[in-house]
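The block underneath contains the structure these notes are about, expressed in C-alpha cells.
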Ligand code: CP
C-alpha cells in the first residue's frame, strides 16, 4: 500500500485498510522507540507546523516525532507569520511545500473555518497536509484513541460500547472536533456508539450523517441520548469531555451561562459504577479536573489517559512516515 503524498485531514478520507496500515506502522515505530532502535525514515525532511491555537500534545508529538524520524519540524505561530496580515492559504501552501515535505495545521476554534482553510492549502500544496485539529475532526487524536482501544480490547471491536459524552467545563468553548471525530471513526470499526449531550450541545450535521452511515455499513450502531448516565450504562469505554455550543462560539459569556445549568455532567465514581467492570476512561486532554472529571476517576483504575497521550507520538510518526 503506497500512501506517499497523501493528505490526512479526516479519517473519513482514508479507507479502513489504510487506517489499519497506519496503526500497524505506528505500532512498529512504538516498539522501535521503546527498544531504542533508530528509525530515521524521514531523514532531512521538514514538516511545517502552523498553529492558530495553543497545544501541548500535538505540537510536541509532531516535533519529537519528526526528530526521531530523522527530520525536522518548524513551529509557526500563525499570529506572528504573514497569515496574520491576510496571506492566502493558496500562496502559503505553494511556498511552504516548495521549502519542505509536509504542512501540518491546527485551526480549530471557529466553526466553519479550519477544515475549509486546510483543504484550500491542500488543494495547492505539493506536499501532504496534516490536520492537527480543525473544527470538524481531530484525526491524529482519533488514531491515537483507536490505537489505545485496540491495545486494550484487541483488533475486533465489533459490539464494544463507547459513550461519547459532553461534560461541564468553565474554562473556554472547546472545539467539537473530538466528539465528532469519535462518532465518525468508532462507528467504522463496528462499535456501538452512544453520544450524550444536553440539548444545546448538538454536533455538526456532516459528522452526524457520517456516523449514522458508518454504523449502518459496518455493523455497529449510533444513537443519541440526553443523559450521561444512560450513555454510561454497560459501556466498555467512556469518553466524557466538554465542547462548545456551535452557534455561540463568538459569544463566550452567553455560552458559559448556559453551561452552568449542566454542572452535574461530571464523570465521577458513581457514574463509573454504571459501566462494565473492566471499562476504560479516556480523555484527549487537557482535562478540566474537578469539572469534567473527578481526580478519583482520572487518576483511578479505569483511566488510560497517559497511554492514550503517549500514542499521539506513535500515531503522528506512523502517519508521517507513511505519507511524507
Ligand atoms: N489532545 C490534544 O490535542 O492536546 P493539545 O491541545 O495539547 O495538543
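Residue numbers (the numbering used here): 166 to 489. Every residue, glycine too, gets a C-beta built ideally from N, C-alpha and C.
When the beta-carbon positions are compared, residue 439 and residue 404 stay at least 8 Å from each other. For residue 211, the uninterrupted beta strand (DSSP E) segment begins and ends at 211-216. In this structure, the alpha-carbon of residue 235 lies about 5 Å from that of residue 207. Note that the C-beta distance between residue 271 and residue 217 is below 8 Å. Judged by DSSP in its simplified three-state form, residue 454 adopts strand. Residue state for residue 297 is assigned as strand, using DSSP reduced to three classes. In the DSSP assignment, residue 364 falls outside any beta strand (DSSP E), carrying neither H nor E.
In the three-state reduction of the DSSP assignment, residue 401 falls in the coil class, being assigned neither a helical nor a strand state.
Short note on residue 450: C-beta closer than 7 Å to some heavy atom of the ligand CP. Sequence-distant partners of residue 212 (beyond 5 residues in either direction) whose C-beta falls short of 8 Å from its own C-beta, in its chain, are 227, 231, 236, 237, 238, 239, 265, 266, 267, 268, 269, 295, 485 and 489. Scanning its chain for C-beta atoms nearer than 6 Å, with the 5 sequence neighbours on each side dropped, one finds around residue 287 the residues 172 and 294, in chain order.
The DSSP assignment places 222-233 and 254-264 as complete runs of the alpha helix (DSSP H) inside the segment 184-269, in order along the chain (cut-off: 4 residues).
Between residue 274 and residue 325, the alpha-carbon positions lie close to 31 Å from each other. For residue 328, the uninterrupted beta strand (DSSP E) segment begins and ends at 326-331.
Straight-line spacing of the CA atoms in residue 429 and residue 333 works out to 7 Å. Note: residue 445 is bridge-paired with 402 in the DSSP secondary-structure output. The nearest non-hydrogen atom of the ligand CP is 7 Å or more from the C-beta of residue 472. A distance below 8 Å separates the beta carbons of residue 330 and residue 396.
Each of 357, 298 and 425 was checked against the Cα of residue 388, and the nearest Cα belongs to 357. Within the same chain, 352 and 353 come within 6 Å of residue 379 by CB-CB distance, once the 5 residues on both sides are set aside. In the structure shown, residue 171 adopts coil according to DSSP, grouped into three states. Within its own chain, the residues whose Cβ lies closer than 6 Å to the Cβ of residue 458, once the five positions on either side in sequence are excluded, are 432 and 452, listed in chain order. For residue 469, there is no enclosing alpha helix (DSSP H), as DSSP marks it with neither H nor E. Contact holds between the segment 465-485 and the segment 311-318, because three or more Cβ pairs, one in each stretch, are under 8 Å apart. Shortest Cα-Cα distance from residue 259 to any of 252, 291 and 175 involves 291. In the assembly as shown, residue 420 is a buried residue. Its beta-carbon has 16 or more other beta-carbons within 10 Å. Residue 323 counts as exposed, since fewer than 16 other C-beta atoms from the protein chains shown sit within 10 angstroms of its C-beta.
The beta carbon of residue 480 sits no closer than 7 Å to any heavy atom of the ligand CP.
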